[in-house]
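Below is one structure, written out as structure tokens; comments come after it.
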Amino acid sequence: MVWGNVFEARTFLRNYAIINKFKYYQVKNENYRLRYKYGDEKCEWMCYVRRNYDGHTMELKSTSNITHTCRGKVVDKNKLAHTGWVANEVVQLIRSMRSTRPCDVQEAIWTKYGVDVSYSTTWNAWTICMERIVGSYDEGYIVMLELTVQVLLANLRSISTCICVLIPMRHLWIEYCSEYHTVAKYVTTYNLPIHAIDDPSEWGQPGYTVLPPPLVRGPGRPKKQKIKDQDEYLATVGDVENVVLWVT
Numbered sequence: 002m003v004w005g006n007v008f009e010a011r012t013f014l015r016n017y018a019i020i021n022k023f024k025y026y027q028v029k030n031e032n033y034r035l036r037y038k039y040g041d042e043k044c045e046w047m048c049y050v051r052r053n054y055d056g057h058t059m060e061l062k063s064t065s066n067i068t069h070t071c072r073g074k075v076v077d078k079n080k081l082a083h084t085g086w087v088a089n090e091v092v093q094l095i096r097s098m099r100s101t102r103p104c105d106v107q108e109a110i111w112t113k114y115g116v117d118v119s120y121s122t123t124w125n126a127w128t129i130c131m132e133r134i135v136g137s138y139d140e141g142y143i144v145m146l147e148l149t150v151q152v153l154l155a156n157l158r159s160i161s162t163c164i165c166v167l168i169p170m171r172h173l174w175i176e177y178c179s180e181y182h183t184v185a186k187y188v189t190t191y192n193l194p195i196h197a198i199d200d201p202s203e204w205g206q207p208g209y210t211v212l213p214p215p216l217v218r219g220p221g222r223p224k225k226q227k228i229k230d231q232d233e234y235l236a237t238v239g240d241v242e243n244v245v246l247w248v249t
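Residue numbers (the working numbering): 2 to 249.
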């Protein structure tokens, strides 16, 4: 039996022991050789894997004794199913389904391997997987202040300054923005845009001609009508005659 590298060999042997419900301990665990023995001294099971001359592949040597002289224990728990192993087994499941919770991880391990892992183990494994996918929350919280400063320096007079002030005040930042910049207004304005045709030969002939409205006023410069103030009044014909007689 040959494996591509030492990591594949370790993974295979661990999965083999978990599926067959037995535990082993490591005599040698190096990058070029692996030697495992059964946890019970009465059993002669022993596995010896060594790297080939190509410097990469690992091969199971003939000195190994992979025949069990005892029966596997019918138990649901196995010390080999630790947090790191659980995380490696379910990382693709969590990556494809982000809503996976620790209880779902626990059920997936039980369904695939028949091993009952504790909730604390599945919680730690779920946390490791989430950090692999989206990054560490603790590290992000540490660099958050520096990232905020860099955003403000790179975007002078931008809305980022206002957001940093409004969020701690628990104000809705959208109330301080013009309604024109909302998504609803954008959709209303550009719902049916008119796309230009680059090739004039594809324009076609118009079906009708649009003419301007007819001119209703006469030729010449229009007279300007003075807008009177409130204290001014409209003089009548009688008032004009009285003024003329008084002057004469």
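Beta carbons are placed, not taken as given, at the ideal position from N, Cα and C, and that holds for glycine. Only a predicted model underlies this, so the values are computations on that prediction, with no experimental measurement involved.
- In chain order, K186 place their CB closer than 8 Å to the CB of E180, counting only its own chain and leaving out the 5 sequence neighbours on each side.
- Residue burial is scored here from C-beta neighbours: A18 has at least 16 other C-beta atoms within 10 angstroms and is therefore classed as buried.
- The DSSP-derived three-state label of M59 is strand.
- The beta carbon of K80 sits closer than 8 Å to the beta carbons of K24 from its chain, once the five residues preceding and following it are set aside; these are given in chain order.
- Between the alpha carbons of D199 and L216 lies a gap of roughly 36 Å.
- When only Cα atoms are considered, S97 and T112 end up about 18 Å apart.
- Three or more Cβ pairs drawn from the stretch 82-98 and the stretch 125-134 lie within less than 8 Å of each other, which places the two stretches in contact.
- Membership of L35 in any alpha helix (DSSP H) is not indicated; the residue belongs instead to the beta strand (DSSP E) covering 34-39.
- Distance from T64 to Y49 at the Cβ level is roughly 5 Å; contact confirmed, criterion being Cβ atoms closer than 8 Å.
- For N30, the enclosing beta strand (DSSP E) stretches over residues 25-30.
- Ranked by Cα distance from Q107, the options V118, Y114, R99 are led by V118.
- Where M47 is concerned, the enclosing beta strand (DSSP E) starts and stops at 47-52.
- Each of K225, I20, N32, V28 was checked against the Cα of F8, and the nearest Cα belongs to N32.
- Contact annotation, V116 with K78: C-beta distance approximately 7 Å; criterion of less than 8 Å satisfied.
- The beta carbon of M59 sits closer than 6 Å to those of W4, V7, A10, V50, R52, all from its chain and outside the five residues before and after it, given in chain order.
- E140 and A155 have their C-alpha atoms roughly 22 Å apart.
- In this structure, the alpha-carbon of Y39 lies about 21 Å from that of T84.
- Residue burial annotation: Y37 is buried, with at least 16 other C-beta atoms found within 10 angstroms of its C-beta.
- Taking C-beta atoms as the reference points, N16 and Y114 count as a pair closer than 9 Å.
- L146 is classed as exposed because its beta carbon has fewer than 16 other beta carbons within 10 Å across all chains shown.
- According to DSSP, W4 shares a beta bridge with M59.
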